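For reference, the structure discussed in these notes is given below.
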Amino acid sequence: MSLVRHLLERLEDRFGNDLPPVRLVFPDGSFFSSTHPNVTITFHSAVALKALVVGDFSRAADCYVAGDIEVDGPIENVVRAGIALAERLGRFSPIVGAARLPALTRLLRKRSRARSNVHHHYDVGNDFYRLWLDPLMIYSCAYFRTGHEDIALAQEQKLEHICRKLLLRPGDRLLDLGCGWGGLARWAATRHGAQVVGVTLSGQQYAAASDAVTSAGLSDRIDIQLKHYEDLNDIGSFDRIVSVGMYEHVGLAHLPAYFRTVARVLRPGGVFLNHGIVSTDPAGRSRGPPGGEFIDRHVFPGGAVPHLSRVLVELSASGLEFADAEDLRPHYALTLQHWSRRLEQHLAEAYATTRPEIVRTWRVFLAGMACAFDRGWLSIAQVQAFKPSTDGSVQRPWTRGYQYVRPPPAVGAPFSSPLEAVGGDLASTVSRPLSASERS
55 MSLVRHLLER
65 LEDRFGNDLP
75 PVRLVFPDGS
85 FFSSTHPNVT
95 ITFHSAVALK
105 ALVVGDFSRA
115 ADCYVAGDIE
125 VDGPIENVVR
135 AGIALAERLG
145 RFSPIVGAAR
155 LPALTRLLRK
165 RSRARSNVHH
175 HYDVGNDFYR
185 LWLDPLMIYS
195 CAYFRTGHED
205 IALAQEQKLE
215 HICRKLLLRP
225 GDRLLDLGCG
235 WGGLARWAAT
245 RHGAQVVGVT
255 LSGQQYAAAS
265 DAVTSAGLSD
275 RIDIQLKHYE
285 DLNDIGSFDR
295 IVSVGMYEHV
305 GLAHLPAYFR
315 TVARVLRPGG
325 VFLNHGIVST
335 DPAGRSRGPP
345 GGEFIDRHVF
355 PGGAVPHLSR
365 VLVELSASGL
375 EFADAEDLRP
385 HYALTLQHWS
395 RRLEQHLAEA
405 YATTRPEIVR
415 TWRVFLAGMA
425 CAFDRGWLSI
435 AQVQAFKPST
445 DGSVQRPWTR
455 GYQYVRPPPA
465 VGAPFSSPLE
475 AVGGDLASTV
485 SRPLSASERS
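55 is the number of the first residue of the sequence shown in the working numbering; add one for each residue after it.
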């Protein structure tokens with residue numbers, strides 16, 4: 055029996071008249087289609103066809119990157135159709151294997167490998183990222199107040215949300231771990247008067263962030279350094295520390311050391327915020343169709359995501375006191391949809407900017423991750439913690455109100471969307487021991 059004939063029989067058996075809205079075109083010119091397809095997937099090789107036969111989403115994505123599969127139609131629809139095929143044709147179960155963003159079986163992350171992994175993911179080219187990120191080049195989950203904002207406003211809202219959770223004050227020394235292109239550093243310095251040190255392992259991000267700081271006239275308030283997070287012995291201590299989308303690169307075996315490093319350089323009474331992807335399975339296993347191998351090979355080598363419970367255990371073991379956690383899964387699903395659609399709008403420029411296989415990789419990755427967060431296979435959390443003072447006490451807000459009330463007057467506002475700024479004393483919201491008169 056030919057491979058095409060075998061596949062047709064499997065499709066008939068598994069789907070009947072319930073095929074997703076897709077038209078499948080095979081190497082011999084034959085096809086299989088739903089009544090009203092909104093995408094066409096064309097298979098040019100036996101390798102690509104075999105990936106479909108066994109329902110291997112990861113191998114099919116590899117074939118698309120290599121040019122053995124062509125797609126016609128919105129990439130979001132293509133990915134959803136591919137996932138629907140994988141769910142019924144083979145390699146799919148609600149929970150499959152070890153959690154990976156991709157493969158978490160590679161727990162040990164040497165420093166040289168960490169640099170290589172970051173280079174692979176972030177040094178694709180600033181011009182490529184600029185096509186689909188917001189003007190501040192924020193490559194992390196945005197924060198939506200209504201769900202109708204554009205990505206630029208949603209990212210600015212995220213930066214402000216982070217600064218509020220940090221209880222950031224003028225003059226505070228802030229460490230930004232994995233500072234990216236420096237958008238958060240510039241926001242914290244300009245809007246909140248912080249003195250910021252940002253560290254990154256990406257050479258291209260370092261160069262772009264440094265140039266942006268110089269152009270903004272902020273060199274006296276922001277210091278961008280090309281450095282590993284473990285090499286912090288020579289830069290002093292900090293009032294506030296933030297890590298946005300960075301700890302996924304650390305590796306599960308190194309989470310204890312990561313949080314110990316944060317606790318060591320955070321001053322007593324200081325605040326730490328960790329913003330990162332988490333597994334939605336308590337055992338740390340992955341959910342959804344197996345696409346981790348594709349991500350490991352093409353996008354995010356060395357990435358690792360624990361369950362939130364493990365994050366809290368390791369955080370507490372470092373001596374920091376956990377205070378708050380916020381799940382932002384719907385926000386990241388929408389962020390990824392924005393990114394995917396913006397890339398689709400600039401495909402011609404993307405292909406002119408970098409290699410075709412890179413563009414194809416990111417088309418699949420962004421649309422696939424949007425689906426993963428939308429369906430709850432992955433999530434993302436902001437975790438806030440405090441370092442106890444030398445006497446063991448922790449002064450922290452009584453409620454979450456400080457995160458949502460209007461912020462204190464802005465130190466400066468050079469960014470695109472002027473957020474509301476009225477008076478308000480954040481210090482008055484912080485818990486403290488009662489005085490003798492108050493106790494009486």
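Ideal Cβ placement from N, Cα and C applies to all residues, glycine included.
Keep in mind it's a predicted model, so treat the numbers as computed, not measured.
Neighbourhood of residue i by C-beta, 8 Å cutoff - its chain only, sequence neighbours within 5 removed
i, result
"residue 58", "80, 81, 82, 84, 103"
"residue 122", "97, 98, 99, 101, 102"
"residue 403", "185"
"residue 366", "376, 379, 437"
Sequence-distant residues of the same chain with beta carbon closer than 6 Å to residue i, five excluded per side
i, result
"residue 215", "197"
"residue 502", "Outside the shown range of the chain (55 to 494) lies residue 502, about which nothing can therefore be said."
"residue 467", "Residue placement at residue 467 cannot be trusted, given a pLDDT of 45 that sits under 50; what the coordinates show is reported in the next sentence. Answer for residue 467: no residue qualifies."
"residue 298", "194, 329"
"residue 411", "119"
"residue 12", "What the structure shows of the chain is the stretch from 55 to 494, and residue 12 is not part of that stretch, so it cannot be assessed."
CB of residue i within 7 Å of CB of residue j, strictly
i, j, result
"residue 233", "residue 434", "no"
"residue 140", "residue 97", "no"
"residue 213", "residue 231", "no"
"residue 371", "residue 440", "no"
"residue 296", "residue 320", "no"
"residue 317", "residue 374", "yes"
"residue 447", "residue 424", "no"
"residue 323", "residue 302", "no"
"residue 119", "residue 414", "yes"
"residue 368", "residue 310", "yes"
"residue 383", "residue 427", "yes"
"residue 91", "residue 138", "no"
"residue 69", "residue 78", "no"
"residue 205", "residue 392", "yes"
Among the options, nearest to residue i - alpha-carbon criterion
i, options, result
"residue 454", "384, 221, 246, 299", "221"
"residue 277", "254, 91, 389", "254"
"residue 126", "324, 93, 120, 263", "93"
"residue 438", "444, 269, 96, 313", "313"
"residue 15", "67, 190, 367", "The chain is shown only over 55 to 494; residue 15 falls outside these bounds and no answer can be derived."
"residue 187", "200, 199, 210, 73", "210"
"residue 381", "138, 90, 326, 333", "333"
"residue 109", "88, 289, 65, 449", "65"
"residue 124", "417, 423, 451, 458", "417"
"residue 223", "325, 266, 137, 201", "325"
"residue 452", "204, 219, 117", "219"
"residue 72", "78, 63, 88", "88"
"residue 178", "422, 449, 450, 407", "407"
"residue 457", "143, 95, 105, 199", "199"
"residue 217", "202, 203, 247, 201", "247"
"residue 257", "201, 180, 143", "180"
Residues near residue i by beta carbon distance below 7 Å, same chain, minus five either side
i, result
"residue 227", "249, 292, 293"
"residue 275", "243, 249, 250"
"residue 493", "Per-residue confidence for residue 493 stands at a pLDDT of 41, beneath the threshold of 50, marking its modelled position as unreliable; the derived number appears in the next sentence. Closer than 7 Å at Cβ, skipping near neighbours: no residue."
"residue 76", "88, 91, 93, 95, 135"
Beta-carbon separation (whole angstroms), residue i vs residue j, contact threshold 8 Å
i, j, result
"residue 315", "residue 286", "6 Å"
"residue 272", "residue 240", "6 Å"
"residue 499", "residue 390", "What is shown of the chain runs 55 to 494, which leaves residue 499 out entirely."
"residue 61", "residue 133", "Not confirmed; about 20 Å, so no contact."
"residue 436", "residue 387", "The Cβ separation is near 16 Å, so there is no contact."
"residue 105", "residue 117", "6 Å"
Secondary structure, alpha helix (DSSP H): runs of 4+ residues fully inside the region 387 to 446: The qualifying runs are 401 to 407, 410 to 428.
Every unbroken beta strand (DSSP E) inside the region 258 to 312 [3 residues or more]: 276 to 280, 292 to 298
Any alpha helix (DSSP H) of 4 or more consecutive residues that is wholly inside the region 82 to 128: 100 to 107, 111 to 120
Continuous alpha helix (DSSP H) assignments of at least 4 residues falling wholly in the region 208 to 254: 237 to 246
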